[in-house]
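Below you'll find the structure, written out as structure tokens, and then a few comments.
Chains as they are written, first to last, in the UniProt record's numbering: chain A, 1 to 423; chain B, 1 to 272.
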């Protein structure tokens with residue numbers, strides 16, 4: 001028998017703010033004039049979500065911001081009521097939706113442990129019994145009789161985490177609480193969570209943006225998107241799907257968000273910027289390690305004796321990747337008035353998959369800025385092979401070999417795009 | 001009914017802890033500490049006694065200071081637990097959004113908190129009675145009942161008020177004004193006997209006098225304050241006639257208020 005059963009869960013919110021007296025009067029007036037009042041639109045935070053969780057399962061819930069994860073947890077913890085559908089839970093639920101809810105700054109650590117424990121549903125005896133263990137775990141013995149307002153934020157979170165995880169409940173609901181404190185304490189928290197999960201056989205629901213953590217702890221993962229549970233399966237499967245989705249979303253966003261930043265004297269006008277493939281066709285995507293060709297067409301207002309052109313690329317978060325100046329090749333190159341075309345070529349552009357932008361600077365011989373532009377054109381670098389798991393951990397994609405126990409391994413590209421290890 | 005009682009029982013520790021939190025918190029960073037709970041009714045008593053020396057209020061054979069103090073005790077308790085109760089839900093937004101427990105715990109806890117302060121003012125009352133050499137009678141045993149009734153009256157407003165306050169903060173803003181108005185139509189500054197004399201004996205409003213008196217006693221505080229003074233100071237039983245209209249109103253309104261609160265409860269976290 002499932003310990004949690006969610007069926008056709010839907011939650012709608014009305015968008016917009018409450019209407020005050022003024023708006024009500026205005027609306028009434030408009031209605032009298034025979035106009036229709038636009039209803040505030042509904043927003044579906046959760047849209048027909050159904051799943052069942054068996055006792056002892058450790059389920060991760062992942063998804064982008066606003067996918068409905070926290071709303072789902074709120075429904076499970078009974079904090080909020082579904083618009084339609086139902087949530088059934090058999091057993092005591094301990095929601096660690098946010099640790100430290102209800103900490104009172106004026107109270108000492110000791111008082112807060114009792115207060116927080118009571119709020120989380122522990123009896124006084126239960127807290128008495130666990131008090132030492134809680135203080136011990138939080139490494140707070142020295143400060144336990146000091147008001148919490150004198151604690152550093154890290155100390156507060158540590159204490160809160162220690163209290164929250166000492167609840168003996170059949171069902172634990174955890175929302176992004178694993179990352180608290182410094183690295184050493186995070187390690188401790190993580191071990192404690194793993195202990196709770198693996199050794200005590202409790203049912204756990206875990207919401208996190210740390211997909212690696214989810215992958216490691218959870219036996220099953222549900223992927224949420226726009227209020228719907230779009231995937232539900234083993235951790236590896238669903239996390240992989242999420243990574244792919246994430247990448248494409250970031251790329252799409254970057255394309256939209258890149259607004260060119262341009263300043264200049266007006267003596268140079270950029271007519272077009274194109275990314276070219278080997279055949280000279282304009283493209284928007286190149287493969288990592290391929291040749292990068294950027295063609296710039298521009299018009300000069302008057303003759304210039306020594307024009308210097310700097311071309312380069314940068315990441316969408318303005319980490320500058322490459323930059324080169326024509327000055328290094330052709331100092332004091334004279335340019336006549338009218339249209340010109342140059343190409344900036346990087347024979348191998350070995351960057352990690354992602355979105356990049358073009359940057360251009362035009363200077364005259366006195367180093368006066370004629371034109372200065374960033375995010376002029378965005379293009380995507382796609383990975384050579386399926387490597388989505390790694391793309392967030394690197395900036396450049398360098399050729400790599402491994403020597404394992406004296407055996408030499410290198411990755412070799414096959415014609416069909418797949419790769420394999422060769423000795 | 002049963003579920004209410006069960007909830008109250010299940011969450012008794014939480015309520016006790018939260019009430020303890022409220023009490024300690026109020027006085028933690030204050031030098032005078034819990035003494036503030038005493039100072040408020042004492043100051044009001046002094047002010048009213050001063051005012052009385054100008055306008056002349058008939059207080060019978062009871063000294064006015066102790067009479068007004070005995071009126072201020074249930075009144076202050078009612079007034080403060082009501083206003084605390086109404087703002088209790090909004091004031092605990094952080095908890096409401098994070099953790100579930102039955103939400104009626106918030107208004108109830110507010111009332112419990114005020115009960116502690118009421119207990120402290122009993123010490124002052126006892127001191128005043130020693131000062132004026134007054135002996136309590138057997139009727140003092142009514143006090144717990146009267147206080148229980150006051151709690152119900154406060155909760156009647158607190159439940160509905162707290163729920164509406166989540167949607168419209170106007171309630172929280174309007175309440176202090178309404179409560180200070182209510183004080184003047186309650187026998188705080190003047191004893192109920194004055195109203196009785198005017199309306200029932202002298203029939204000051206003609207044929208409307210009796211109806212007006214019933215309307216006046218619809219305010220539960222009229223009966224409560226008078227009863228409290230009777231059993232503590234006058235050594236007399238409560239005047240039940242003055243209590244019945246208010247009690248009927250509470251019996252009808254309290255369940256409605258509670259039901260409204262429970263219906264609104266599930267949307268608190270969304271709206272607040």
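Cβ atoms here follow ideal geometry from the backbone N, Cα and C, with glycine treated the same way.
Taking only runs of the alpha helix (DSSP H) that begin and end inside the segment 26-84 of chain A, which ones reach a length of at least 4 residues, in chain order? 69-76
For residue 274(A), write down the residues that DSSP places opposite it in a beta bridge. 295(A)
When you compare only the Cα positions, how much space is there between residue 50(B) and residue 160(B)? 37 Å
Interface residues of chain B around residue 106(A) at Cβ under 9 Å? 24, 25, 28, 29
Residue 109(A) beta carbon less than 9 Å from that of residue 143(A): yes
Which bits of chain A does residue 269(B) rub up against, with CB to CB less than 7 Å? 74, 79, 80
Closer than 9 Å to chain A by CB, residue 101(B): yes
For residue 376(A) and residue 327(A), the rounded distance between their alpha carbons: 21 Å
Hey, is residue 13(A)'s beta-carbon within less than 9 Å of any beta-carbon in chain B? yes
In whole angstroms, what separates the C-alpha of residue 4(A) from that of residue 171(A)? 9 Å
Under the DSSP definition of a beta bridge, which residues are partnered with residue 147(A)? 108(A)
With burial defined as no fewer than 16 other Cβ atoms inside 10 Å of the residue's Cβ, what is the status of residue 117(A): buried or exposed? buried
Nearest by alpha-carbon distance to residue 97(B): which of 78(A), 344(A), 2(A), 128(A) is it? 78(A)
Have a look at residue 207(A) and residue 229(A) and give me their C-alpha separation to the nearest angstrom. 13 Å
Using the C-alpha atoms, what's the distance from residue 222(A) back to residue 416(A)? Residue placement at residue 416(A) is flagged as unreliable, the pLDDT there being 43, under the threshold of 50; a coordinate-derived value is accordingly withheld.
So, under 8 Å CB-CB, residue 85(B) and residue 162(B) are touching, yes? Tell me the CB distance rounded to an integer number of Å. 6 Å
Could you name the residues that DSSP lists as bridge partners for residue 322(A)? 313(A)
Does any residue of chain B bring its CB to less than 9 Å from the CB of residue 151(A)? no
Enumerate in chain order the residues of its own chain whose CB-to-CB distance from residue 186(B) is below 7 Å, with the five nearest sequence positions on each side excluded. 75, 219, 221, 222, 225
Taking the beta strand (DSSP E) that residue 333(A) belongs to, which residues open and close that run? 333-335
Cβ-based neighbour list, residue 271(B), same chain, cut-off 7 Å, excluding 5 preceding and 5 following: 166, 167
Using only alpha-carbon positions, find the residue among 91(A), 93(A), 119(A) that is nearest to residue 103(A). 119(A)
Residues of chain B with CB closer than 9 Å to the CB of residue 260(A), please, in chain order. Correct list: empty, because the minimum Cβ distance to chain B is about 42 Å.
Output, in chain order, the set of chain A residues within a Cβ distance shorter than 9 Å of residue 274(B). For chain B, the structure presents residues 1 to 272; residue 274(B) sits outside this window and is missing.
In this structure, does DSSP put residue 130(B) in helix, strand or coil? helix
Quick one: is residue 158(A) near chain B, going by C-beta distance under 9 Å? no
Using three-state DSSP, classify residue 3(A) as helix, strand or coil. coil
Closest Cα partner of residue 85(A) within the set 183(A), 368(A), 323(A), 9(A): 9(A)
For residue 136(B), the nearest candidate out of 90(B), 231(B), 157(B) (CA to CA): 231(B)
The segment 297-316 of chain A contacting the segment 348-365 of chain A, beta-carbon criterion three pairs below 8 Å: yes
If we define contact as Cβ-Cβ less than 9 Å, is residue 119(A) a contact residue for chain B? yes
Please classify residue 236(A) as buried or exposed, where buried requires at least 16 other C-beta atoms within 10 Å of its C-beta. exposed
Less than 9 Å between CB atoms is the rule here; does residue 141(B) satisfy it with respect to chain A? no
Checking contacts by CB at 9 Å: is residue 22(A) closer than that to chain B? no
For residue 105(B), the nearest candidate out of 56(B), 149(B), 91(B), 11(B) (CA to CA): 11(B)
Within-9 Å CB hit, residue 114(A) to chain B: yes
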